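Enquirer: So in this note's numbering, the last one in the sequence shown is 1161, and the numbering has no gaps at all. Below you'll find the structure I mean.
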Amino acid sequence: MTQYYNDPNSLKKHGKSFYWASFFLPKKSKDAASKLYSICRFFDDLADDNNEDQTGLLKKEFKKICDDSNHPINLFFKAHNVSIKILGDLINGLIKDQTKVRIKNEEELIQYSYQVAGTVGLMMSPLIMVNNNKANKYAIDLGIAMQLTNITRDIYEDALMDRIYLPQNWINNTEISELIDISSNKDQNQIKIAIKKLIDLSEIYYKNGFAGMRYIPLKTRLAIFFAAKIYRAIGQKIKKNRYKYSCKRTYISKIEKLFITFVSIPEFVFLNLLYNKYQSVREVFQNENL
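Written out as structure tokens, the structure is:
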């Protein structure tokens, strides 16, 4: 079984967009964010340890952390005043991935996206010196936006693992075989429409996330803004490619990241003017205001 340890290189190895943006964080926040990423990665690795159902193992490990006040993960959460229940929400999302995944509708998609990514936004907030609970909904929505981008980018790879995150009522119960063998799927237009819906939906959540950056201190705000812009660019690149479904993963190169970073600076300066409204598009989650 994988044992937890804080891997200081986890962010560099596995979270390239976030690692790029982390250079704009103060050292204390960067170190804390790196530890949080390492914790999330630990549970990701547990969930994907092999092809067997890891539900029992995930629940056991989480209970062990909760019961042990000296466990390094428990100590980390207490030190940063983050409720361990939010980590529990993330683990519930990973548990959903332990059997074949078929998302029924948009509501279920957003619920799952909260669990595996909106929770990360919540847990990150105190690490980047946010101390206003009004920021919670914005942090969650930015995490959801990024997860919707992930889903858009990884449709083919997810299909190989028997996972379809595109809502079934968007794709008329498209079979997994049609997503794996792209040439067998005659109705490519249906998948394109679903991809467009995902990107359009993510845009609403990105805008909500940007609107909440007023709650982030300036010394940490720039890093989160750049991370969001780089992630958002993946969806924009897919959009530019006319929402084409492909087995090739869309990614943002180092040169593109550098370009996005520089051209986004004027937008950052006028951020509060450009994004000043919150669009209510979801239900409140049980633990979002702990």
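We put the CB at the ideal spot given by N, CA and C, even for glycine. All values reported here derive from a predicted model rather than from experimental measurement.
#1: Run through the stretch 1058-1101 for me and flag every whole alpha helix (DSSP H) of 4 or more residues, listed as ranges in chain order.
#2: Between which two residues does the alpha helix (DSSP H) containing GLU1159 stretch?
#3: Could you say which of GLN969, LYS934, SER900 lies nearest to HIS951 if we only look at CA atoms?
#4: Determine the direct distance from the alpha carbon of ALA903 to that of ASN1004, and round the result to whole angstroms.
#5: How is the alpha helix (DSSP H) around SER1048 delimited, first residue to last?
#6: Looking only at C-alpha atoms, which of LEU896, ILE1105, PHE1141 sits nearest to GLU1127?
#7: Using 8 angstroms as the threshold, is the stretch 919-937 in touch with the stretch 951-971, meaning 3 or more CB pairs across them?
#8: Please return the same chain residues whose Cβ sits closer than 6 angstroms to the Cβ of ASP844, not counting the five positions on each side in sequence.
#9: By the three-class DSSP mapping on this structure, what secondary structure does VAL987 have?
#10: From what residue to what residue does the alpha helix (DSSP H) around ASN921 run?
#11: Is VAL1155 helix, strand or coil by DSSP?
#12: Please state the DSSP three-state secondary structure of ILE1035.
#13: Could you name the residues of the same chain whose beta carbon sits closer than 7 angstroms to that of ARG1153, not counting the 5 residues immediately before and after it, in chain order?
#14: Going straight from the alpha carbon of ILE974 to that of ARG1034, what length do you get?
Expert: In short, the structure shows the following:
#1: 1059-1082
#2: Segment: none, GLU1159 is in no alpha helix (DSSP H) and carries neither H nor E.
#3: SER900
#4: 20 angstroms
#5: 1047-1051
#6: ILE1105
#7: yes
#8: Beyond the ends of the chain as shown, which are 872 and 1161, falls residue 844; an answer cannot be given.
#9: helix
#10: No alpha helix (DSSP H) contains ASN921, which DSSP labels as neither H nor E.
#11: coil
#12: strand
#13: ILE981
#14: 9 angstroms
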